[in-house]
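Shown next, in structure tokens, is the structure this report addresses.
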Amino acid sequence: MSPIEGLEIDDQGGVRVLAIARPEKRNCITVPVAEGILDALDEAEAREDLRVVVLTGRGGIFSAGIDLAVLMEVSKTSRMPESLSRFGQRLRAFPKPLLAAVDGLAVGMAVTILPAFDMVYASERAELTTPFSKLGLCAEYGSSVTFPRLMGRQRASEMLLGGARYDAATLERWGLVTRVFPTASFMDEVLAIARELASLPPGAVQASKRLLREGEDRTLDEALAAEADELAERFRSDEMKAAVGAFLKKR
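For what it's worth, our numbering labels the leading residue of the sequence shown as 11, then goes sequentially.
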């Protein structure tokens, strides 16, 4: 991929790290940065050697959300740029493990996209806020559905309507954050998890991810049937036979 101003791409073995790198602008997301992230996801999906993607921000800031200049332009046209309008859907549709590494401040869009990730890790200094009401805006990126699913309607209402800042420990209890790590070792901890995921049989990992995502809109009976179909495919796969063979040799 060609270099993109404000976005760093670092491939570490089977892990691709995407880092928003505009700390002087609090890592606000511009149209080029959004397009760059989408292109990087497309490439990671196509490449067999890349098995996990991590999104983070540089300079002790995750992201302050959509750049104000973009919002001002949208206020004139009432049209969100295409890359931003499909951003959340692309994250949800990405078939490989997708991790968010939230270090420092996360605002608006940078918070409402988090349910699209498979795992959301935060540093102890992370603070998250969705100040939509203060800006005359409303819930976005599916958060009116995803937040209540994760934390219950009343907590989601407090967060989306009020716009207060929340620390990582609170949002871990509420279900938006998977786990909180010490700030000093934060990225090391996240990358260790990413590398472990990348070391696992990719077909099996992606099958479970697919079942989890599709299961959100299924009844229990539908989920059981889908799991049975997927397991039948896994039992026939060379990947499964190799993994079981390796396990038996260790016994």
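Think of the CB as a built atom: it goes at the ideal place given N, C-alpha and C, for glycine as much as any other residue.
Residue from the options whose Cα sits closest to the Cα of residue i
i      : options                       : result
Ala194 : Pro105, Gln22, Asp52, Gly69   : Gly69
Leu170 : Glu199, Leu210, Leu138        : Leu138
Leu207 : Gly23, Ser88, Thr180, Val117  : Gly23
Val117 : Glu45, Lys144, Ala103, Gly46  : Lys144
Pro42  : Glu224, Val64, Leu94          : Leu94
Pro105 : Glu134, Ala54, Pro192, Val112 : Ala54
Glu199 : Leu109, Val254, Gly46, Arg165 : Leu109
Arg61  : Ala217, Leu258, Gly46, Val25  : Val25
Arg189 : Asp113, Thr122, Glu34         : Asp113
Arg135 : Gly152, Leu78, Leu115, Arg228 : Leu115
Glu15  : Glu45, Ala242, Glu92          : Glu45
Pro33  : Asp77, Met11, Asp21           : Asp77
Thr66  : Lys86, Asp20, Ala79           : Asp20
Ala202 : Asp59, Val64, Glu18           : Val64
Continuous alpha helix (DSSP H) stretch holding residue i: start and end
i      : result
Leu65  : Element bounds for Leu65: not the alpha helix (DSSP H) but the beta strand (DSSP E), 62 to 67.
Arg220 : 212 to 225
Leu78  : 78 to 87
Glu45  : 41 to 56
Phe191 : Where Phe191 is concerned, there is no enclosing alpha helix (DSSP H), although the beta strand (DSSP E) it sits in stretches over 189 to 191.
Phe157 : 153 to 161
Arg175 : Arg175 -> not in any alpha helix (DSSP H); beta strand (DSSP E) instead, spanning 175 to 177.
Leu108 : From DSSP, Leu108 is part of no alpha helix (DSSP H) but of the beta strand (DSSP E) over 108 to 112.
Ser95  : 92 to 95
Buried or exposed by the 16-neighbour rule on C-beta atoms within 10 Å, applied to residue i
i      : result
Glu150 : buried
Ala174 : exposed
Met197 : buried
Leu230 : exposed
Arg57  : exposed
Asp248 : exposed
Met119 : buried
Arg246 : exposed
Phe191 : buried
Leu241 : exposed
Phe257 : exposed
Val27  : buried
Leu234 : exposed
Continuous beta strand (DSSP E) stretch holding residue i: start and end
i      : result
Leu138 : 137 to 139
Arg26  : 25 to 30
Ser209 : Taken as a continuous stretch (DSSP letters only), Ser209 belongs to no beta strand (DSSP E), being part of the alpha helix (DSSP H) at 196 to 209.
Met129 : 129 to 133
Val239 : Per the sequence shown, residue 239 should be read as Asp rather than Val. Element bounds for Asp239: not the beta strand (DSSP E) but the alpha helix (DSSP H), 230 to 246.
Length of the line joining the Cα atoms of residue i and residue j
i      : j      : result
Leu221 : Ala236 : 7 angstroms
Cys148 : Thr140 : 9 angstroms
Ala214 : Ser88  : 43 angstroms
Ala178 : Glu168 : 16 angstroms
Ala204 : Tyr131 : 11 angstroms
Leu51  : Val84  : 25 angstroms
Arg102 : Ala111 : 16 angstroms
Phe157 : Lys259 : 45 angstroms
Ser12  : Glu232 : 43 angstroms
Lys86  : Thr180 : 37 angstroms
Phe142 : Ile30  : 22 angstroms
Val80  : Gly152 : 20 angstroms
Ser218 : Gly255 : 21 angstroms
Met90  : Leu48  : 16 angstroms
Q.
Three Cβ pairs or more, each shorter than 8 angstroms: is that satisfied between the stretch 185 to 194 and the stretch 153 to 171?
A. In short, these stretches touch, since the Cβ pair count reaches three.
Q) Is the number of C-beta pairs between the stretch 122 to 134 and the stretch 89 to 109 that are closer than 8 angstroms three or more? A) A contact between stretches requires three or more CB pairs, one per stretch, nearer than 8 angstroms, and the stretch 122 to 134 meets this requirement with the stretch 89 to 109.
Q: Could you tell me whether the stretch 29 to 38 touches the stretch 71 to 91, using the rule of 3 or more Cβ pairs below 8 angstroms?
A: As far as the Cβ criterion goes, the stretch 29 to 38 touches the stretch 71 to 91, which means the pair count is three or higher.
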